[in-house]
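Counted the way this note's numbering counts, the sequence shown spans residues 752 to 932. Every residue gets a Cβ at the ideal spot worked out from N, C-alpha and C, and that includes glycine.
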Amino acid sequence: GSDGFGSVAMRATTVGDAVTLTGTKTQVIDGHSADTVLVLALPPGESTQPELYLVDSSATGLTRSRVDTLDITRPMATLTFDAVPATPLSDVTGGSPVQRVLDVAKTLLAAEMVGGIDGAMNMSVVYAKMRHQFNRPIGSFQAVKHRCAEMAIELDTARAVTLYAAHLAAEDSVGLAEAAP
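Written out as structure tokens, the structure is:
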């Protein structure tokens, strides 16, 4: 899938040796409470390849606003940067790990979704056994059985792909870029 690189609008700027970021990032997971923020932005100059920057959340010029969401377990924030000092992650790691970080993040989110789907499927099966219609559990009807079976097949497929991507991430394999969900 697309990683949205074409939509990265924030560009880092330099003043002397200092790197700063100006702009807004929306839907930042835990952005209101994180001590350090990892920001995807275009580097200074003309490059169109985004890089990652580390920003201390207490830095001058950074405003964090919590955003209400439907999922209370996934708090989000809008971060507004006004010439906020930033450290290019390539300075810390010796290279640009953008794609790897995004692939690992996609794998972790996929694992979370597989867990959620597993819970939803289990609740559906329990409901199909409990709910009665025409003096029978609805799970005894062929159409309901087929839907539950299709759900189980889709879940097993998603679980297998996610486990494979997690294995590649753990092994630091170059194949992760192709396998990441």
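Scanning its chain for C-beta atoms nearer than 8 Å, with the 5 sequence neighbours on each side dropped, one finds around Cys-899 the residues Met-872, Ser-875, Val-876, Ala-879, Gly-890, in chain order.
Note that the C-beta distance between Val-849 and Gln-778 is not below 9 Å. For Thr-908, the secondary structure class from DSSP, reduced to helix, strand or coil, is helix. In this structure, the CA atom of Thr-811 is about 6 Å from the CA atom of Val-835.
With at least 16 other beta carbons inside 10 angstroms of its own, Lys-776 counts as buried. According to the DSSP secondary-structure assignment, Gly-774 is paired through a beta bridge with Phe-832. Annotation: the stretch 818-905 contains the following complete segments of the alpha helix (DSSP H) (minimum length 4 residues), in chain order: 840-844, 849-881. A residue is called buried once 16 or more other Cβ atoms fall within 10 Å of its Cβ, and Asp-854 is buried on that count. Here the alpha carbons of Leu-803 and Glu-797 stand approximately 16 Å from one another. For Leu-927, the uninterrupted alpha helix (DSSP H) segment begins and ends at 927-930.
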